[in-house]
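Trainee: Here it is: the structure, laid out below.
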Amino acid sequence: MIDAHVRTRYAPSPTGVPHVGNTRTALFDYLLAKKYGGEFILRIEDTDQDRFVPGSTEKIYQICDLLGLVRDEDPVSGGAYGSYVQSERLEIYQKYAQLLVDIDAAYPCFCSEERLKSLHEKDKFAKYDRLCRKLSKEEVQKKILAGEQYVLRVKFPEAGFTTWHDLVQGKLSLPNNECDDKVLMKTSGIPTYHLAVVIDDHLMKISHVLRGVEWMVSTPVQLFLFEALGWEPPIFAHVPLLLGPDRSKLAKRHGAKSVLGYVDDGYLPEAIDNFLFYLGFSYKDNSELLTLDQMIDIFDEKRIQRQNAIFDIQRLNYLNSQWIKKMPTEDLFLRLNAFIPSEWNDEKVKQILILVKERMFTLRDFSPAAEYFFTAPAVNLQSVLDQSGHTEDETKAWFKTAISVINKLIVLPTPPVIARSESDAAIHPGNSFSSENLHLELAKAQVTSGFTPKEAFMSLRVAISGRSVTPPLFDCMAILGKEETLKRLSSVFS
RNA sequence: GGCCCCGUCGUCUAGUGGUUAGGACGUCAGGUUUUCAUCCUGAAUAUCGCGGGUUCGAGUCCCGCCGGGGUCACCA
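Residue numbers are given in numbering that gives the first Met the number 0: position 473 of the first sequence equals residue 472, and the series is strictly consecutive.
So this is what it looks like as structure tokens:
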């Protein structure tokens, strides 16, 4: 239970489209804020001008929108503590950087890139040797006057431990000599993460910093800064990472996609939310379909998993297929739009969807499973014969029978509704062209045909669809319509 | 390599000293079906990373080891 007013923030860098691991942290940020009736804030951390990728900020908004992560404050709609873009807050950082120098918590460092590089060449894991920390005020003054370039480094304690209580990790205690004097301000006058994050989190009144465990070991530096500035630090919560199948931090090389990529692949945002939630959290058997609001209720910061989770696409597939099945056909139809040719008739698509949704894992599965309804397949006689198990003449006779049976059924002005849809046979009298009557009449004919049900119906299936795997045969015929069904059946032997 | 975190079926996990170590995904088999999928039923898969303790009793507590991960940038 948390008493304080909760304000969390998702603070991505616009260095590309964040992958799902990063997005999961955003989900947890959102959940924590909403669980306690607080605010969820989006801040763009664009202090690395070199790695900036145009367009990423928009992609970040898109991802949040898709997943339903509603922001209370962000760069677009603003808020009481803006700007929410770090590059627009440079004067603020400069002011506090100066303050840190004044209170002797930071110092200018004139070391050249070459010197730093040589330090690392000698020892791959070398820390900054704090050379400039020993410079006298006069020496510093002289160098600055001489126009020497410098960065600002934190004057981090050389000994002792930094201890804090992490919401997820529990009590953490790191030896101070493991941290060196991190750069706070680059020569460009732009702050590094360590400085900017502390200032922003304080100024924006962030109560809980939820971020990936990769930040755990740099927390002492930030804690030191909070203390130096006389500010109350937020509560830190370091959440585990998402790992690729090879167990290393999920990355592009694993084919790690962004939420946008998965949506493109036909995954529903609802399923992605659900999937991300279960990766690192458990509720019942971890397979129930949960809405965002339900996740808010269920979420408990104390129960966030501590071990890294491996991204398993099969679980996403499962959740996605379940969401597809659960979703009303009308709603699902709306989602399908981007995945089907625009010339396909809406009503027909909906009818097919009722049949096909049971068999879909992603929205992309629809189109290949539906195309023969719109385009007559090329059917070769041999494949029909393979299914019928009879000679060409016998098969031809069976088809003739089937055709005449179908011919007797009358097409009503109302569309032939398939068996599984909301409508029922009542509005379709016994002699009408409907799935149910097709079933009844063709089954009767099959009995006297000398064909087994399998032979009789599989051959018809191949004839109308060109394939041996389709939804129930009579439903398919009903959707195809009497005319088209007959056309396809007769064309086999013409 | 130093430091830190983690370690229960392939995967997500339940488990807070006494359980036949449970569930779900996946896998396999059977049932249903004219096919596939759905659905239903069932099965296999975990010497709880390993080794020592503590205890009448340990997945649960302690120690050591091993394994995995993270981090050690004027990147976040």
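For each residue, glycine too, the CB sits at the ideal point set by N, CA and C.
Inspect the beta-carbon positions of valine 238 and valine 212 and report whether they are closer than 9 angstroms.
Mentor: Cβ distance < 9 angstroms, so valine 238 and valine 212 count as in contact.
Trainee: Tell me which residue opens and which closes the beta strand (DSSP E) that phenylalanine 235 is part of.
Mentor: Per DSSP, phenylalanine 235 belongs to the beta strand (DSSP E) from 234-238.
Trainee: Arginine 210 by DSSP, collapsed to three states: which one?
Mentor: Of the three classes helix, strand and coil, the one that applies to arginine 210 here is strand, per DSSP.
Trainee: With 16 as the cutoff for other CB atoms within 10 Å, does asparagine 21 come out buried or exposed?
Mentor: That one is buried.
Trainee: Just verifying my parser: in three-state terms, what is the DSSP assignment at glutamate 38?
Mentor: Three-state DSSP puts glutamate 38 in a strand.
Trainee: Under the three-state reduction of DSSP, which class applies to tyrosine 317: helix, strand or coil?
Mentor: Three-state DSSP puts tyrosine 317 in a helix.
Trainee: Skipping 5 residues on each side, what residues in its chain have a beta carbon closer than 6 angstroms to that of leucine 173?
Mentor: Hits under 6 angstroms: Thr161, Pro219.
Trainee: Have a look at lysine 154 and threonine 186 and give me their C-alpha separation to the nearest angstrom.
Mentor: Cα to Cα, lysine 154 sits roughly 17 angstroms from threonine 186.
Trainee: For glycine 54, count neighbouring Cβ atoms within 10 angstroms of its own Cβ and tell me buried if that reaches 16, exposed if not.
Mentor: Under this definition glycine 54 is an exposed residue.
Trainee: Does DSSP put aspartate 299 in a helix, in a strand, or in coil?
Mentor: Of the three classes helix, strand and coil, the one that applies to aspartate 299 here is coil, per DSSP.
Trainee: How many angstroms separate the CA atom of valine 468 from the CA atom of glutamate 346?
Mentor: Spanning the two alpha carbons is a distance of roughly 23 angstroms.
Trainee: Return the bridge partner residues of phenylalanine 160 from the DSSP annotation.
Mentor: Looking at the DSSP assignment, phenylalanine 160 forms a beta bridge with Pro174.
Trainee: If you check the beta carbons only, do cysteine 110 and leucine 151 fall under 9 angstroms apart?
Mentor: Going by C-beta atoms, cysteine 110 is not nearer than 9 angstroms to leucine 151.
Trainee: In whole angstroms, what separates the C-alpha of glycine 229 from that of isoleucine 198?
Mentor: Distance between the alpha carbons of glycine 229 and isoleucine 198: 12 angstroms.
Trainee: What would DSSP say about arginine 8, mapped onto helix, strand or coil?
Mentor: Arginine 8 falls in the strand class under three-state DSSP.
Trainee: Ordered along the chain, which non-local residues of its own chain (more than five positions away) have a Cβ less than 6 angstroms from that of asparagine 273?
Mentor: Same-chain partners within the cutoff: Leu289, Leu318.
Trainee: Under the assumption that isoleucine 478 contacts glutamine 350 (Cβ atoms under 8 angstroms), give the Cβ distance between them as a whole number of angstroms.
Mentor: About 5 angstroms separates the two Cβ atoms, so the contact holds.
Trainee: Could you check if alanine 195 is buried or exposed, using at least 16 other CB atoms within 10 Å of its CB as the buried criterion?
Mentor: The residue in question, alanine 195, is buried, as its Cβ has 16 or more Cβ neighbours within 10 Å.
Trainee: Are leucine 530 and alanine 32 close, meaning C-beta to C-beta below 9 angstroms?
Mentor: Any question about residue 530 goes unanswered here, given that the chain covers just 0 to 493.
Trainee: To test your reading of the DSSP string, which unbroken beta strand (DSSP E) runs of 3 or more residues are found completely within the stretch 435-476?
Mentor: You should have found no qualifying run.
Trainee: Grouping DSSP H, G and I as helix and E and B as strand, with all else coil, what is glutamate 329?
Mentor: Residue state, collapsed to three classes: helix.
Trainee: Considering only residues of the same chain and omitting the five flanking positions on each side of alanine 270, which have a CB-CB separation below 7 angstroms?
Mentor: Result list for alanine 270: Leu315, Leu318, Asn319, Trp322, in chain order.
Trainee: Whose C-beta lies closer than 8 angstroms to the C-beta of alanine 377 among residues of the same chain, with five residues either side of it excluded?
Mentor: The residues are Gly465.
Trainee: Would you report the Cα separation of glutamine 140 and isoleucine 91, rounded to the nearest angstrom?
Mentor: Whole-angstrom Cα-Cα distance: 24 angstroms.
Trainee: Whole angstroms are fine: how far does the CA of aspartate 73 sit from the CA of glutamate 421?
Mentor: Residue placement at glutamate 421 is flagged as unreliable, the pLDDT there being 41, under the threshold of 50; a coordinate-derived value is accordingly withheld.
Trainee: Measure the Cβ-Cβ separation of arginine 8 and leucine 41 and say whether it is below 9 angstroms.
Mentor: It is a contact, given that the beta carbons lie within the stated cut-off.
Trainee: What is the residue span of the beta strand (DSSP E) that arginine 152 lies within?
Mentor: 150-153 is the extent of the beta strand (DSSP E) around arginine 152.
Trainee: Among Ser458, Glu157, Leu441, Ile189, whose alpha-carbon lies nearest the alpha-carbon of serine 382?
Mentor: If we check each option's Cα against that of serine 382, Ser458 comes out closest.
Trainee: Just to confirm my understanding: we take glycine 36, look at its own chain, exclude 5 residues before and 5 after, and list those with CB closer than 6 angstroms. What are they?
Mentor: Here the set comprises nothing.
Trainee: Output the distance between the C-alpha atoms of glutamate 440 and leucine 362, rounded to the nearest integer angstrom.
Mentor: Looking at the two C-alpha atoms, the distance is approximately 34 angstroms.
Trainee: Strictly by DSSP, which residues pair up with lysine 248?
Mentor: Lysine 248 is bridged to Leu242.
Trainee: In angstroms, rounded to a whole number, what distance separates the CA positions of serine 206 and valine 216?
Mentor: Going from the Cα of serine 206 to the Cα of valine 216 covers about 20 angstroms.
Trainee: Does proline 13 come out as helix, strand or coil in the three-state DSSP assignment?
Mentor: Note: proline 13 maps to coil in three-state DSSP.
Trainee: To which residues does DSSP link cysteine 108 through a beta bridge?
Mentor: In the DSSP output, where bridge partners are listed per residue, cysteine 108 has Val150.
Trainee: What do you get for serine 12, buried or exposed, if any count of 16 or more other CB atoms within 10 angstroms of its CB means buried?
Mentor: Counting Cβ neighbours within 10 Å, serine 12 comes out buried, since at least 16 surround it.
Trainee: What is the DSSP secondary structure of glycine 260, reduced to helix, strand or coil?
Mentor: Reduced to three states, the DSSP call for glycine 260 is helix.
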